[in-house]
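Chains as they are written, first to last, in our numbering: chain A, 1 to 283; chain B, 284 to 566.
What follows is a short report on a single structure.
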């Protein structure tokens, strides 16, 4: 398949390398010529383009590996160059805020199928790219009534080819609610935890639990402020559910209620046991 | 050195195996004969005892690898069998609530030096034991004015022999405040997060961040309710500091204040970068 990836950052380069290995013909689009040169030298892409119109006319699948806000601009600017039958997908961590608009913008005969590859790394840039980060991770496709079964299947096959573990379909609304809990809330917690530290020497005395809980407090502020705000209703709801449960633990402490604490600990242990280990830890 | 370890659970057995490998003569005490037999068969201890008085008279270092509440009972019951010059240490995650009483109970010529090996595993029992869990982890000693430099040094040497990374000294009060933040608060957060989940299918769609944040939500309810309550003043304070920072993020979301979010993200990123990677990941 002829695949063009817009954005040779961590995710774009990782996908490009994986898809090239799979035997696809992969092209890169980026404003940064150095990123393109790097990807060509390493054999991650066949060729790089600063002007996307040069490659869009023969592209069968277009993967938008850029920030949510940039995507709409890109489609508006280049849709006249899209090949007929083009399938466009993305990697955004939120869907409802833009999917209607994006699907309206797509030319007749082309399709936008939303995707969320649930993998990443704290590092950024093409040179940090590594297709191994996808191995065993979850991949969510968010089709709407505007999508054909055929196009959705093509995107799912791409995910399977990249060695994602579970590939699932969710509506954009369900996806955003889910992701507010599993991703944005967890990042909010890690950030708040690190920022609430009042002791200068904490890092001399930390154990594994603090280290693990706070890894994701190292966060790209431009990307994540956008993700948080684009999904704010869902995220506020999830934060409030969490605050309620934390307050319950604090209340049990204040009262010295050992039984109430044990109940909460038993419940969390039971629930967390349901989460199966990943096929292989990628990150 | 002749070392007796009380409690052949995960921590006791892991320490026993490490110390045996180091060339010490290590004995185990437990009410559970099967645990003792297992440890003897595997060469983790030289011999096991159900009746501690049989070995205490020739023991030079006694490690109490049992719950905080059991420790005082044990010392009251067996202190008459302690060898002269015996050094006793422990593995408890809290110190101020019992250290004064324990030090008062110690016979003339013996010493109790508090220790907190900051390592563990979700599994329990001797068969889950593995001295590798200590490699590179932090170890805190909590001496008081009742301790001799010589006794404190012996405990520190034991920790270094077990391959702990950083071995530090803290007062019991400072230790408990620190640990309320790095350990008990992180566990409270993980428990509250898992328990606040209202979606049945969450686990089909989780990424690495949720997985890492919630590993410690699998928690031994008896041990941890004790740890929480014994350190409740410190823990309540740390929960409230955290609640304040989380509320700040929620407030920025409600107002749509992108700049305030970015400030918090930049701050957490800067702070978390100070935490150096572990020498080697043990767990």
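Virtual Cβ for every residue (Gly too), placed ideally from N, Cα, C.
As the structure is a prediction and not an experimental result, all values here were calculated from the model.
Residue i versus chain A: which residues are under 8 Å apart at the beta carbon?
i                      : result
residue 502 of chain B : 265, 268 and 269
Starting from residue i, find everything on chain B with Cβ-Cβ shorter than 7 Å and list it in chain order.
i                      : result
residue 31 of chain A  : Result: empty, since nearest Cβ-Cβ is about 23 Å, beyond 7 Å.
residue 50 of chain A  : The premise fails here: residue 50 of chain A is roughly 29 Å from chain B at the closest Cβ pair, so nothing lies under 7 Å.
residue 228 of chain A : 536 and 544
residue 36 of chain A  : Neighbours of residue 36 of chain A on chain B: none; closest Cβ ~28 Å, over 7 Å.
Using the beta-carbon of each residue, which ones in chain A are nearer than 7 Å to residue i?
i                      : result
residue 470 of chain B : 209
residue 508 of chain B : 258, 261, 262 and 265
residue 474 of chain B : 249, 264, 265 and 268
Any C-beta of chain B sitting closer than 8 Å to the C-beta of residue i?
i                      : result
residue 69 of chain A  : no
residue 15 of chain A  : no
residue 11 of chain A  : no
residue 171 of chain A : no
residue 194 of chain A : yes
residue 123 of chain A : no
residue 239 of chain A : yes
residue 56 of chain A  : no
If residue i sits next to residue j, beta carbons under 8 Å apart, how far is it from one beta carbon to the other, in whole angstroms?
i                      : j                      : result
residue 62 of chain A  : residue 124 of chain A : In fact, because the Cβ distance is near 22 Å, the residues do not count as touching under 8 Å.
residue 423 of chain B : residue 399 of chain B : 4 Å
residue 8 of chain A   : residue 159 of chain A : Not quite, the Cβ-Cβ distance comes to about 20 Å (not below 8 Å), so this is no contact.
residue 455 of chain B : residue 397 of chain B : 6 Å
residue 198 of chain A : residue 519 of chain B : Rounded, the Cβ-Cβ distance is 14 Å, inconsistent with contact.
residue 109 of chain A : residue 81 of chain A  : Going by Cβ atoms, the distance from residue 109 of chain A to residue 81 of chain A rounds to 14 Å, so no, they are not a contact pair.
residue 129 of chain A : residue 10 of chain A  : 6 Å
residue 358 of chain B : residue 388 of chain B : 5 Å
residue 120 of chain A : residue 133 of chain A : 7 Å
Checking contacts by CB at 8 Å: is residue i closer than that to chain A?
i                      : result
residue 526 of chain B : yes
residue 555 of chain B : yes
residue 486 of chain B : yes
residue 396 of chain B : no
residue 519 of chain B : yes
residue 388 of chain B : no
Please classify residue i as buried or exposed, where buried requires at least 16 other C-beta atoms within 10 Å of its C-beta.
i                      : result
residue 334 of chain B : exposed
residue 70 of chain A  : exposed
residue 256 of chain A : exposed
residue 274 of chain A : exposed
residue 12 of chain A  : buried
residue 548 of chain B : buried
residue 553 of chain B : exposed
residue 490 of chain B : buried
residue 225 of chain A : buried
residue 301 of chain B : buried
residue 142 of chain A : buried
residue 326 of chain B : exposed
residue 494 of chain B : buried
residue 222 of chain A : exposed
residue 555 of chain B : buried
residue 303 of chain B : buried
residue 484 of chain B : exposed
So which residues of chain A does residue i contact, with C-beta pairs closer than 9 Å?
i                      : result
residue 420 of chain B : 207 and 208
residue 539 of chain B : 229 and 232
residue 302 of chain B : Within chain A, no residue comes near residue 302 of chain B; the closest Cβ sits about 21 Å away, beyond 9 Å.
List the residues of chain B that residue i touches, going by C-beta distances under 8 Å, in chain order.
i                      : result
residue 212 of chain A : 495, 496, 498 and 499
residue 199 of chain A : 460, 461 and 464
residue 119 of chain A : 490 and 491
residue 6 of chain A   : Ordered by position in chain B, no residue passes the 8 Å Cβ test against residue 6 of chain A, which lies about 23 Å from the chain.
Give the residues of chain B in contact with residue i, contact being defined as C-beta atoms less than 9 Å apart.
i                      : result
residue 141 of chain A : Ordered by position in chain B, no residue passes the 9 Å Cβ test against residue 141 of chain A, which lies about 12 Å from the chain.
residue 62 of chain A  : Per Cβ cutoff of 9 Å: no residues; residue 62 of chain A is ~24 Å from chain B at best.
*With 7 Å as the limit, tell me which residues of the stretch 436 to 450 of chain B have their beta carbon closer than that to any beta carbon of chain A; keep them in chain order.*
So the list reads 449, given in the order they occur along the chain.
_Selection of the stretch 82 to 100 of chain A by Cβ proximity to chain B, strictly under 8 Å_ = none
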